[in-house]
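Q: Structure in structure tokens, see below.
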């Protein structure tokens, strides 16, 4: 139960003749025999004493009845306890000055909703005015919000609570150093999202304060600081070296995005967008990935027995499906070649020609079951996790080469390369799973034989195929795939490139720029070269 201290009374008996007449009884007619005129000094003293005594005793209802607006006074005095968390109160009046009585308030604010916040003393001065009730003639306190606290206006109230809606949060890279928007403008929206998303789990405190708020709850004035905010911490998997390389790699592009993932863990070690203050295409983009998606299609053809790296495979100039005639870049063809030849040269018709042998659902099922695409990934921030819708006829055939309804971004395509390099799908993540115990998406993954064959195909492409120029000079275990996605209304295709080198997989998109190898390839190669 709340305890209130009694206040000290000052002043004494009023001088003879200063006391007014007694108010009329209830039998009198309204307005007849009712005392009028200013209250006497004794009435001022008695009315103020009674009001302050009831307030200090914690009897808001009784105090409010001694005012000319009991409803408003009750709400305000009750709110001081319930909303402002005043647990103890001592009121000390001064001698009346005419109809005014100044007083000091010595209160204790105890914010019990946060055990880390200690009770605090709150001291201030205010005053009241005693007036005569026009109906009863009784001396009463002229209720104004300023009686409760000086400067308090109509529609305002005093509350005690968190200093801010959320505690401050520091987002950390993999080494424990702070990531800031000033140092990494490209990460600004992600940092904001992480701070809001993980504020309660960060271990921080918003602090606490007593303040005046308006009718909408917006802060008007801080009255008392109970506890300073304490910053929490949210860890991420960002590697400072890889992040710096990613930012530098896209800096010279008017529009580009890149993501780097560690295949052995799924950790996102770097990401960047250009312009830095533009849309977060790296994680949230939704673009047709073009021929980079042939990695997924190749795995399907291998699993279905429709292709094998060293087996003969058709790559004609044209192939028609559903009334659409598909062709290769510059209408090339490979006569007497293998599937590895077609993959390394990014032959469209080598994949399109197998469409009649596949069900409409086959590609989407393969993307989901082997690569985790199209599932819901709990990355730790907002992402678009790939889409491979079921389509028919020509649209299904187009999906086999990363067109049609297929939609990806650098994160999902970096994950495709990471899955091949690792031999199985590990969901990408930016915030470690141990931080909040969220559930990661899982997939059956690739068979060992299929994974090995895909690594061979991607290595061939990186050393002797369309990705060779961009990957030149990169040692270690490498593999890559280029892509160029046609978009209606654009002068040039969206350039794509995805690759891995040792334990790092990277993908980039450079919209409306041209061929993947010459436009997105250098972005990926620059990031790969930053890794050991």
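Numbering (this note's numbering), first residue to last: 78 to 609.
Beta carbons: idealized from backbone N, C-alpha and C, even for Gly.
#1: Start and end of the beta strand (DSSP E) containing residue 606?
#2: Can you tell me which of the three DSSP states residue 453 falls into?
#3: Using a 10 Å radius around the Cβ and a threshold of 16 neighbouring Cβ atoms, would you call residue 573 buried or exposed?
#4: Please say whether residue 491 and residue 337 have beta carbons closer to each other than 8 angstroms?
#5: What are the boundary residues of the beta strand (DSSP E) that residue 223 is part of?
#6: Figure out for me which residue from 203, 194, 188 has the closest Cα to the Cα of residue 177.
#7: Let me know the alpha helix (DSSP H) ranges lying completely inside the segment 325-375, each 4 residues or longer, listed in chain order.
#8: Following the continuous beta strand (DSSP E) through residue 154, name the residue where it begins and the one where it ends.
#9: Using a 10 Å radius around the Cβ and a threshold of 16 neighbouring Cβ atoms, would you call residue 250 buried or exposed?
#10: Sort out for me which residues DSSP pairs residue 239 with in a bridge.
#11: Kindly give me the distance between the Cβ atoms of residue 421 and residue 562, rounded to whole angstroms, as I take these residues to be in contact under 8 angstroms.
#12: Using CA coordinates, which residue listed in 495, 516, 551 is at the minimum distance from residue 528?
#13: Identify the continuous alpha helix (DSSP H) that holds residue 52 and give its terminal residues.
#14: Just the C-alpha distance for residue 602 and residue 362, rounded to the nearest angstrom, thanks.
#15: What's the gap between the Cα of residue 84 and the Cα of residue 194?
#16: May I ask you to report which of helix, strand or coil DSSP gives residue 103?
#17: Near residue 187, what residues of its chain come up, given a Cβ to Cβ distance below 7 angstroms and the 5 sequence neighbours on each side ignored?
#18: May I have the straight-line CA-CA distance separating residue 223 from residue 335, to the nearest angstrom?
#19: Taking a contact to mean a Cβ-Cβ separation below 8 angstroms, would you say residue 254 touches residue 317 in this structure?
#20: With residue 216 as the anchor, note down where its beta strand (DSSP E) starts and where it stops.
#21: How many angstroms separate the CA atom of residue 476 from the CA atom of residue 347?
#22: Is residue 93 buried or exposed, if buried means 16 or more other CB atoms sit within 10 Å of its CB?
#23: Is the distance from the Cβ of residue 577 to the Cβ of residue 340 below 8 angstroms?
#24: Using the Cα positions of residue 524 and residue 372, report the straight-line distance between them to the nearest angstrom.
#25: Flag this pair as yes or no: are the beta carbons of residue 400 and residue 471 separated by less than 8 angstroms?
#26: I'd like the list of long-range same chain contacts for residue 219, defined as Cβ closer than 8 angstroms, with 5 residues on each side in sequence excluded.
#27: Where are the alpha helix (DSSP H) runs, 4 residues long or more, that stay fully inside the segment 251-295, in chain order?
#28: How big is the Cα-Cα spacing for residue 190 and residue 233?
#29: By Cβ distance, which residues of its chain are closer than 7 angstroms to residue 604, with the 5 residues on each side in sequence left out?
#30: Indicate the three-state DSSP secondary structure (helix, strand or coil) for residue 111 in the structure shown.
#31: On a Cα-Cα basis, can you pick out the residue from 211, 285, 440, 287 that is closest to residue 380?
#32: For residue 559, tell me which candidate among 534, 553, 142, 550 has the shortest Cα-Cα distance.
#33: Pick from 531, 571, 117, 537: whose alpha carbon is nearest that of residue 499?
#34: Just to confirm my understanding: we take residue 149, look at its own chain, exclude 5 residues before and 5 after, and list those with CB closer than 7 angstroms. What are they?
#35: Measuring straight from C-alpha to C-alpha, what distance separates residue 116 and residue 175?
#36: Would you list the residues sitting across from residue 581 in a DSSP beta bridge?
A: According to the structure data:
#1: In the DSSP assignment, residue 606 falls outside any beta strand (DSSP E) and carries neither an H nor an E.
#2: DSSP, reduced to helix, strand and coil, places residue 453 outside both helices and strands of the structure shown, so it counts as coil.
#3: Looking at its Cβ environment, which holds 16 or more other Cβ atoms inside 10 Å, residue 573 is buried.
#4: Yes; because the gap between Cβ atoms is below 8 angstroms, this pair is in contact.
#5: Residue 223 -> not in any beta strand (DSSP E); alpha helix (DSSP H) instead, spanning 222-225.
#6: The option with the nearest alpha carbon to residue 177 is 203.
#7: Runs of the alpha helix (DSSP H) lying entirely within the segment 325-375, each at least 4 residues long, are 358-361 in chain order.
#8: Here residue 154 belongs to no beta strand (DSSP E); instead the alpha helix (DSSP H) covers 147-159.
#9: Classification of residue 250: buried, given that the 10 Å Cβ count is 16 or more.
#10: Per the DSSP secondary-structure output, residue 239 pairs in a beta bridge with 285.
#11: So it is not a contact: roughly 19 angstroms between Cβ atoms.
#12: The shortest C-alpha separation from residue 528 is found at 495.
#13: The chain is shown from 78 up to 609; residue 52 falls before or after that span and cannot be answered.
#14: When rounded, the distance between both Cα atoms is 21 angstroms.
#15: Its pLDDT being 37, under 50, residue 84 is placed unreliably in this model, and the coordinates cannot settle the point.
#16: Bear in mind that a pLDDT of 39 at residue 103, under 50, signals an unreliable position, so the number given afterwards is only what the model happens to contain. In the three-state reduction of the DSSP assignment, residue 103 falls in the coil class, being assigned neither a helical nor a strand state.
#17: Around residue 187: 162, 164, 196.
#18: Approximately 59 angstroms between the Cα atoms of the pair.
#19: It is a contact, given that the beta carbons lie within the stated cut-off.
#20: First-last of the beta strand (DSSP E) with residue 216: 216-218.
#21: Distance between the alpha carbons of residue 476 and residue 347 is about 29 angstroms.
#22: Bear in mind that the predicted position of residue 93 carries a pLDDT of just 32, short of 50, making it too unreliable to give a figure here.
#23: Cβ distance < 8 angstroms, so residue 577 and residue 340 count as in contact.
#24: So the alpha carbons of these two residues sit roughly 14 angstroms apart.
#25: Going by C-beta atoms, residue 400 is nearer than 8 angstroms to residue 471.
#26: Excluding residues within five positions, the ones whose Cβ falls inside 8 angstroms are 144, 145, 205, 206, 207, 208.
#27: Within the segment 251-295, the complete alpha helix (DSSP H) segments of 4 residues or longer fall at 265-274, listed in chain order.
#28: Straight-line Cα distance between these residues: approximately 22 angstroms.
#29: Spatial neighbours of residue 604 in its own chain (CB-CB distance under 7 angstroms, excluding positions within 5 residues in sequence) are listed in chain order as 319, 322, 323, 326, 335, 337, 347, 583.
#30: Secondary structure at residue 111: coil, using DSSP grouped into helix, strand and coil.
#31: Nearest of 211, 285, 440, 287 to residue 380, Cα basis: 440.
#32: Residue 534 is the option with its Cα nearest to residue 559.
#33: The residue among 531, 571, 117, 537 with its C-alpha nearest the C-alpha of residue 499 is 531.
#34: Counting only residues of its own chain and dropping the five nearest sequence neighbours on each side, residue 149 has a CB closer than 7 angstroms to the CB of 220.
#35: Pairing residue 116 with residue 175, the inter-Cα distance amounts to about 9 angstroms.
#36: Note: residue 581 is bridge-paired with 578 in the DSSP secondary-structure output.
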